[in-house]
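Okay, so here's the structure we're looking at.
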Ligand SMILES: Nc1ncnc2c1ncn2[C@@H]1O[C@H](COP(=O)(O)OP(=O)(O)OP(=O)(O)O)[C@@H](O)[C@H]1O
Ligand SMILES: [Mg+2]
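In my numbering, the protein residues as written are 58 to 506.
See the structure below:
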């Protein structure tokens, strides 16, 4: 049986590298597409759906590391880092972020072919395992918590789940909007059909449009084939429109039509497509304010706000902390294949006294880190670095000249916010109450990361 030709995406700002690599890969029998920057790479990942990607780390603007971060959704795309001699450390960091392997320039053709074969074998296994993995992780999809405020929210969610009503999930970053959306789908009569997530921030406008509505062949440069959008893929099931507050005005109009008539056209198409979908929207923004400021259409807001569900921040339901802690320790031990660990009462007290700006996500990350790093068989207070900003207390930074110390402090604060939000700049900006563009400038200026 003939196997379909695998497709490889090469991302490098250096045209020579692109050309050499493309030639070699084509000789080896692969289909090749190329991108000269990070932005274009992300676009091609969606449009071309490559199996494998060669990614250069050093590129102007959106560099390789950032591309990797934004690829979270495409977990079975195998990424191989292209590194120059002497930058192996960076490549190793990239592998921690999910890259599969790296090759150093100049490439030897034999090595190239071995690396690709290894990646493709691993990908096949990954795809095969996906189903099983889903089964294994199913218990971890449970919403944990027994506080009165959370129970009330769960009850509302269960009541609305059996209907097809539109749901608007509100809550700070990391409170559990996505896990609630998934649960509503699982509790609904649509559970056998797809649950699809569209993240409005991760994609540029035109891509978001194509991602949602699909496109016809030739609708725009790069649209080589017809593609179904996520609205079509979700037919019969549920779609989560994540970060709805960031939808651009033109898309808001199109979305309004979907909400009113369950109908839309593909980009570049004329034929109306009808779908039967439950819509869940989520945001951590204040949509009332967005409406007042003219950033969000009022009619769309009313259509979305049919059943609003607000998930309370963790600091308002600290009773949930012990249960969640226990749950995340189990999950982390299972994931890193460590025997089950305990946690000392002192450590629990420590957690209860904290204000959890990053909510449940922060607790989950903290436990994962503690499970990996703790030396004993119980997690102790010293395994929980909850006092985030300690640089100024350190002798070394007190001895620094004023401006240096301030700079160090600024970097630390930003790094921390990025860590808590999984590297999402928009969310980090919100947490720090900064304009997103200002934060981006600071990151650049202070050379954060
Ligand atoms: N009650 C809960 N029980 C178990 N896990 C939870 C709970 N709430 C949140 N989580 C976990 O915490 C993490 C963050 O939750 P989720 O992604 O749903 O938050 P979110 O509100 O969508 O955040 P954001 O606004 O940043 O997208 C996920 O790993 C999720 O599974
Ligand atoms: Mg979310």
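All residues carry an ideal CB built from backbone N, CA and C; glycine is no exception.
Strand pairing of residue i, partner residues [DSSP]
| i | result |
| --- | --- |
| residue 331 | 320 |
| residue 416 | Bridge partners of residue 416: none, in fact. |
| residue 339 | 226 and 299 |
| residue 112 | 68 and 138 |
| residue 256 | 299 |
| residue 285 | 271 |
| residue 277 | For residue 277, which the question treats as bridged, DSSP gives no partner whatsoever. |
| residue 470 | DSSP output for residue 470 lists no bridge partner at all. |
Cβ distance (whole Å) where residue i is taken to contact residue j below 8 Å
| i | j | result |
| --- | --- | --- |
| residue 236 | residue 214 | So it is not a contact: roughly 10 Å between Cβ atoms. |
| residue 372 | residue 413 | 5 Å |
| residue 472 | residue 505 | 6 Å |
| residue 269 | residue 287 | 6 Å |
| residue 109 | residue 177 | 7 Å |
| residue 210 | residue 366 | 6 Å |
| residue 302 | residue 347 | 6 Å |
| residue 149 | residue 68 | Not quite, the Cβ-Cβ distance comes to about 19 Å (not below 8 Å), so this is no contact. |
| residue 137 | residue 160 | 6 Å |
| residue 398 | residue 432 | Not a contact, Cβ separation roughly 11 Å. |
| residue 255 | residue 483 | About 15 Å separates the two Cβ atoms, so there is no contact after all. |
| residue 497 | residue 488 | Actually they do not touch by this definition, with Cβ atoms about 15 Å apart. |
| residue 64 | residue 90 | 7 Å |
| residue 151 | residue 128 | Between residue 128 and residue 151 the Cβ distance is about 11 Å, and since that is not below 8 Å, they are no contact. |
| residue 308 | residue 266 | 6 Å |
| residue 296 | residue 334 | 5 Å |
| residue 107 | residue 66 | 4 Å |
| residue 361 | residue 225 | 5 Å |
| residue 289 | residue 332 | 6 Å |
| residue 503 | residue 467 | 6 Å |
| residue 227 | residue 377 | Contact flag wrong, Cβ pair sits at about 18 Å. |
Next on the checklist: Strictly closer than 7 Å from CB to any heavy atom of ligand 2: give me those residues in the order they appear in the chain.
Outcome noted: 234, 235, 299 and 339
Checklist entry - Are the segment 399-415 and the segment 258-265 in contact at 8 Å, needing three or more beta carbon pairs? => result no
Checklist entry - Residue ranges of each alpha helix (DSSP H) run of no fewer than 4 residues wholly in the segment 287-315, ordered along the chain? => result 287-290
Item to check | Sufficient close CB pairs (3 or more, under 8 Å) joining the segment 117-128 to the segment 93-103 | outcome: yes
Checklist entry - Counting pairs of Cβ atoms below 8 Å between the segment 199-213 and the segment 339-348, do you hit three or more? => result no
Checklist entry - Are the segment 416-427 and the segment 359-377 touching by the rule of at least three beta carbon pairs closer than 8 Å? => result yes
Checklist entry - Three or more C-beta pairs closer than 8 Å, one from the segment 379-389 and one from the segment 425-441: is that the case here? => result yes
Checklist entry - Between the segment 74-86 and the segment 98-107, do three or more beta carbon pairs fall short of 8 Å? => result no
Checklist entry - Taking the runs of the alpha helix (DSSP H) that are 4 residues or longer, which of them lie wholly in the segment 417-442? => result none
Item to check | In chain order, each beta strand (DSSP E) run of at least 3 residues that lies wholly inside the segment 330-408 | outcome: 335-340 and 364-367
Item to check | Cβ pair count under 8 Å reaching 3, the segment 163-178 against the segment 354-368 | outcome: no
Next on the checklist: Contact between the segment 269-281 and the segment 316-336 is defined here as three or more beta-carbon pairs at a separation below 8 Å; is this criterion met?
Outcome noted: yes
Item to check | Ordered list of beta strand (DSSP E) runs contained in the segment 138-188, each at least 3 residues | outcome: 158-161
Checklist entry - Looking at C-beta atoms only, is the number of pairs between the segment 478-494 and the segment 221-235 that lie closer than 8 Å three or more? => result yes
Checklist entry - Can you list the alpha helix (DSSP H) stretches of 4 or more residues lying completely in the segment 77-121, in chain order? => result 95-105
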